[in-house]
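Trainee: Residue numbers (my numbering): 0 to 376.
Built from N, CA and C at the ideal position, the CB exists for glycine as well.
Pasting a structure here, questions to come.
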Ligand SMILES: *Cc1c(COP(=O)(O)O)cnc(C)c1O
């Protein structure tokens, strides 16, 4: 991580994080729920928005719980004074059990050896560890195979100092709107839980849904929902735009640091992958794939200058990107350049950027490196 630079040092490239928009999205998503607990998923550095300020805002906006992916993220939140329940949605490894218990993080349990490691750490630290059992209903990433759930509970449910607060699964095809597969996975989850409860293996909190389920499948909300990307202003899929309106939280902007005019047939950038067709004004902006601005945007995307959409030209390098500003009247060094967000009448969304590179919004936002200063407004 870049040591935190004195905030008086001028940064050209910044990500402005609109906390009011974030808060509004939390309220909009909360409005979709009846009684379910709201767990705000702020993994992956809050999808690139900066995990600590976003966690604080989420809690203030009424998120009852927070979800992260790594033990480090959970520990950082604890060290930053966050007291809300924090769940680790990915798996942990046995050597992390001591930290999980120490920082009061809720582990997702997908194997016997993790359950035993948590129990051992909890006994050693004289604490009770709260955990959730994860069932694999078809994503085949983490989780106990439903057929083996009863045997698992037999071996692990009564381990000392372990409190099985919840049981959950994560769907593989919900964002795609594949309701046949999703309903099958849901029924598998329900039937497995029912069978376990018959054997007195009880789990007070049952949950299955991320943003898509929160938006489109009320009957699957159960005791808790876990929205992530929606809180940052993007529906997982464009079909949901008609159902819910959200506000993008991040604006990514920089400045034109250099401007040059090149004659026709000049090669621009590494590999000469762009060749000027006439006398062209080529601008350079200080952001590159080392900042998480994807190299696949080379010769393949747009930015806004003076309210006008201009092409990215040539190959994006670690720290620089070329843009073609030939047709922008009055363009000069120092001009603001918007990569994600609005300028004048035009807007480039993270979804536009994702479409250009055949990716998704998660990748575009979460790729933004720590070195890009976040400014919270
Ligand atoms: C990432 C994740 C979420 C949030 O998903 P979104 O589609 O961003 O809302 C919820 N639950 C689990 C287990 C996750 O890994």
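Nearest CA to the CA of residue 302: which residue from 282, 62, 370, 247?
Mentor: 282
Trainee: Is the Cβ of residue 300 closer than 8 Å to any Cβ of chain B?
Mentor: The chain labelled as chain B is not found in the depicted structure, where only one protein chain is given.
Trainee: Hey, out of 292, 335, 166, 359, whose CA is closest to residue 370's CA?
Mentor: Considering only alpha carbons, the answer is 292.
Trainee: Is the beta carbon of residue 223 closer than 8 Å to that of residue 204?
Mentor: yes
Trainee: Taking Cβ positions, are residue 306 and residue 344 nearer each other than 8 Å?
Mentor: yes
Trainee: At the level of alpha carbons, what is the spacing between residue 79 and residue 155?
Mentor: 33 Å
Trainee: Output needed for residue 49: all residues of its chain with C-beta closer than 7 Å, excluding positions within five of it in sequence on either side, in chain order.
Mentor: Cβ neighbours of residue 49 beyond the five flanking positions: 16, 373.
Trainee: Does ligand 1 have a heavy atom nearer than 7 Å to the CB of residue 22?
Mentor: The closest heavy atom of ligand 1 lies 7 Å or more from the beta carbon of residue 22.
Trainee: In terms of residues, what are the limits of the beta strand (DSSP E) holding residue 130?
Mentor: 128-133
Trainee: If we ignore side chains and look at the alpha-carbon of each, how far apart do residue 333 and residue 284 end up?
Mentor: 10 Å
Trainee: In angstroms, rounded to a whole number, what distance separates the CA positions of residue 31 and residue 274?
Mentor: 51 Å
Trainee: Going along the chain, which residues of its own chain have a beta-carbon closer than 7 Å to the beta-carbon of residue 0, five neighbours each way excluded?
Mentor: In this prediction, residue 0 scores a pLDDT of 43, lower than 50, which makes its location untrustworthy; the coordinate-derived value is nonetheless stated afterwards. Beyond the five residues adjoining it in sequence on each side, residue 0 comes within less than 7 Å, by CB distance, of 369 in the same chain, given in chain order.
Trainee: Using 8 Å as the cut-off, can you tell me whether the stretch 64-78 makes contact with the stretch 102-115, which would need three or more C-beta pairs spanning the two stretches below that distance?
Mentor: yes
Trainee: When DSSP labels each residue in this structure, what does residue 79 get in the three-state scheme?
Mentor: coil
Trainee: Heavy atom of ligand 2 less than 7 Å from the Cβ of residue 220, yes or no?
Mentor: Summarising the ligand content, the structure contains ligand 1 and does not contain ligand 2.
Trainee: Let me confirm a value: residue 242 is counted as buried when at least 16 other C-beta atoms fall within 10 Å, else exposed. Which label applies?
Mentor: Burial call: exposed.
Trainee: Rounded to a whole number of angstroms, what is the C-alpha to C-alpha distance between residue 139 and residue 214?
Mentor: About 24 Å.
Trainee: Can you tell me where the beta strand (DSSP E) with residue 65 in it begins and where it stops?
Mentor: Boundaries of the beta strand (DSSP E) harbouring residue 65: 64-67, taken from the DSSP string.
Trainee: Assuming residue 336 and residue 258 are in contact, meaning their beta carbons sit under 8 Å apart, how far apart are those beta carbons, in whole angstroms?
Mentor: Contact flag wrong, Cβ pair sits at about 11 Å.
Trainee: Check whether the Cβ atoms of residue 244 and residue 226 lie closer than 8 Å to each other.
Mentor: In this structure, residue 226 does not lie closer than 8 Å to residue 244 by Cβ.
Trainee: The alpha helix (DSSP H) that contains residue 46, what's its start and end?
Mentor: 42-46
Trainee: Classify residue 72: buried if its beta carbon has 16 or more other beta carbons within 10 angstroms, exposed otherwise.
Mentor: buried
Trainee: Just list the alpha helix (DSSP H) runs in the stretch 163-211, keeping only unbroken ones of 4 residues or longer that don't cross its boundaries, in chain order.
Mentor: 178-197
Trainee: Do you know whose CA, among 253, 276, 251, lies nearest residue 263's CA?
Mentor: For the set 253, 276, 251, the Cα lying nearest the Cα of residue 263 is the one of 276.
Trainee: Given that a residue counts as buried once 16 or more other Cβ atoms are within 10 Å of its Cβ, and exposed if not, what is residue 56?
Mentor: buried
Trainee: Going by DSSP, what residues sit across from residue 368 in a beta bridge?
Mentor: Paired residue(s): none; residue 368 is not in a bridge.
Trainee: Classify residue 252 as buried or exposed, calling it buried when 16 or more other Cβ atoms lie within 10 Å of its own Cβ.
Mentor: buried
Trainee: Please report how far the alpha carbon of residue 312 lies from the alpha carbon of residue 296, in whole angstroms.
Mentor: Answer to the nearest angstrom: the Cα atoms are 9 Å apart.
Trainee: Rounded to the nearest angstrom, what separates residue 94 and residue 319 at their Cα positions?
Mentor: 41 Å
Trainee: Between the C-alpha atoms of residue 346 and residue 315, what's the straight-line distance to the nearest angstrom?
Mentor: 22 Å
Trainee: I'd like to check one pair, residue 375 with residue 228: are the Cβ atoms closer than 8 Å?
Mentor: no
Trainee: Verify whether the separation of the beta carbon atoms of residue 207 and residue 233 is less than 8 Å.
Mentor: no
Trainee: For residue 84 and residue 127, what's the separation of their Cα atoms in angstroms?
Mentor: 14 Å
Trainee: By how many angstroms is the C-alpha of residue 188 removed from the C-alpha of residue 339?
Mentor: The straight-line gap from Cα to Cα measures roughly 39 Å.
Trainee: Which whole-angstrom value is the C-beta distance of residue 136 and residue 168, which I expect to be below 8 Å?
Mentor: 5 Å
Trainee: Is residue 181 buried or exposed, if buried means 16 or more other CB atoms sit within 10 Å of its CB?
Mentor: buried
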